[in-house]
Amino acid sequence: GAVVSQHPSRVICKSGTSVKIECRSLDFQATTMFWYRQFPKKSLMLMATSNEGSKATYEQGVEKDKFLINHASLTLSTLTVTSAHPEDSSFYICSARAIGTLNYGYTFGSGTRLTVV
Amino acid sequence: AQTVTQSQPEMSVQEAETVTLSCTYDTSESDYYLFWYKQPPSRQMILVIRQEAYKQQNATENRFSVNFQKAAKSFSLKISDSQLGDAAMYFCAYRRGGTSGSRLTFGEGTQLTVNP
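Listed in order, the protein sequences are those of chains A and B.
Numbering-wise (my numbering), the first sequence opens with residue 26 and increments by one.
Numbering-wise (my numbering), the second sequence opens with residue 3 and increments by one.
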């Protein structure tokens with residue numbers, strides 16, 4: 026079945042540095058990538074939606090300059106947290122939608138736990 | 003805007019028993035899809051079951067089944083013969099139909115505990 030590989034699974038970074046999270050679709054072409062943020066025991070909060078080759082569409086309240094999303098190819102999307110601060114610590118999950126799948130085809134990455142110290 | 007509501011933050015069930023998780027949604031669309039996702043402690047999101055709104059028949063996947071009441075906008079998940087591995091956070095989700103690649107809207111989640 027469709028697999029999305031998300032790396033790193035865990036990352037600790039110092040305040041003020043940037044962190045890049047990658048999501049790769051291993052056996053399909055992802056036309057659309059969704060990026061979520063999840064706090065402990067809470068639901069997934071959509072941050073942005075990106076389509077291959079286009080600029081990402083950010084949800085209200087999400088800083089586009091802090092959370093840079095790139096979807097340059099049909100198999101790779103990245104989320105860069107720039108100038109990270111402790112409040113950016115969270116669990117980030119990507120979800121891909123593939124070309125040619127049925128309308129319900131979403132595949133989730135395994136998530137990245139970001140800790141900013 | 004579409005909303006999804008899960009009114010049970012926590013549920014528990016004895017192993018081998020049956021439990022039902024509730025979900026209601028609000029939409030003005032006629033074409034949509036509903037999903038139940040499971041998120042175990044590993045936090046990997048796993049699709050449990052899906053339902054197309056145009057289908058009257060309730061979806062079933064082994065021990066998992068749904069009760070889809072379109073008029074009432076209700077979409078509950080029944081887990082039969084509960085197993086320890088069913089313990090997880092369960093999310094109900096909605097997606098508008100069509101080919102626009104629209105996002106999933108998630109409910110707040112229900113934490114299911116399975117007691118041995």
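For each residue, glycine too, the CB sits at the ideal point set by N, CA and C.
What you are looking at is a predicted structure, and each value in this text was computed from that prediction instead of being measured.
Do you know offhand how far residue i's Cα is from residue j's?
i      : j     : result
T13/B  : Y35/B : It is Met, not Thr, that sits at residue 13/B in the sequence shown. Rounded to whole angstroms, M13/B to Y35/B spans 25 Å at the Cα level.
L71/A  : D28/B : 18 Å
A90/B  : T22/B : 14 Å
Q58/B  : E88/A : 42 Å
N128/A : D90/A : Here the model assigns N128/A a pLDDT of 49, short of 50, so the residue's position is not dependable and the matter cannot be decided.
F59/A  : N95/A : 11 Å
P43/B  : R62/A : 16 Å
A73/A  : A81/A : 6 Å
K66/A  : Q8/B  : 14 Å
For a contact defined as C-beta to C-beta under 8 Å, what are the partners of residue i on chain B?
i      : result
S135/A : S44, R45, Q46
S68/A  : F93, F108, G109, E110, G111
L99/A  : None at all; the shortest Cβ gap to chain B is about 13 Å.
I118/A : R45, M47
Which residues mark the beginning and the end of the beta strand (DSSP E) in which residue i is found?
i     : result
E12/B : 12-16
D28/B : 26-28
A73/A : 69-76
F64/A : That residue, F64/A, is in no beta strand (DSSP E); it is neither H nor E in DSSP.
Give the interface partners of residue i over in chain B, defined as CB-CB distance under 7 Å, in chain order.
i      : result
T103/A : The contacting residues do not exist; T103/A stays about 19 Å from chain B at best.
T74/A  : R105
Y131/A : L106
F59/A  : R105
Near residue i, what residues of its chain come up, given a Cβ to Cβ distance below 6 Å and the 5 sequence neighbours on each side ignored?
i      : result
L101/A : R49
L106/B : A95, R97
K72/B  : none
T57/A  : N76, R122
Output needed for residue i: all residues of its chain with C-beta closer than 7 Å, excluding positions within five of it in sequence on either side, in chain order.
i      : result
D83/B  : A18, R65
K45/A  : T103, T105
T141/A : In the sequence on display, residue 141/A carries Val and not Thr. Result list for V141/A: C38, S40, A109, H110, P111, D113, S114, in chain order.
L139/A : V36, V44, V106, D113, S114, S115, Y117
Note down, in chain order, each residue of its chain lying with its Cβ closer than 8 Å to the Cβ of residue i, except the 5 sequence neighbours on either side.
i      : result
G41/A  : S108, A109, H110
I51/B  : F37, W38, A61, T62, E63, F66, S67, V68, L79
P11/B  : E110, G111, T112, Q113
N117/B : S14, V15, Q16, E17
L99/A  : S50, Q54, A55, T56, E77, I124
I want to verify the contact list: residues of chain B whose CB lies under 9 Å from the CB of residue i, in sequence order.
i     : result
L71/A : R105, L106, T107, F108
So, does the CB of residue i fall closer than 9 Å to a CB anywhere in chain E?
i     : result
F53/A : The structure shown contains no chain E; its protein chains are A and B.
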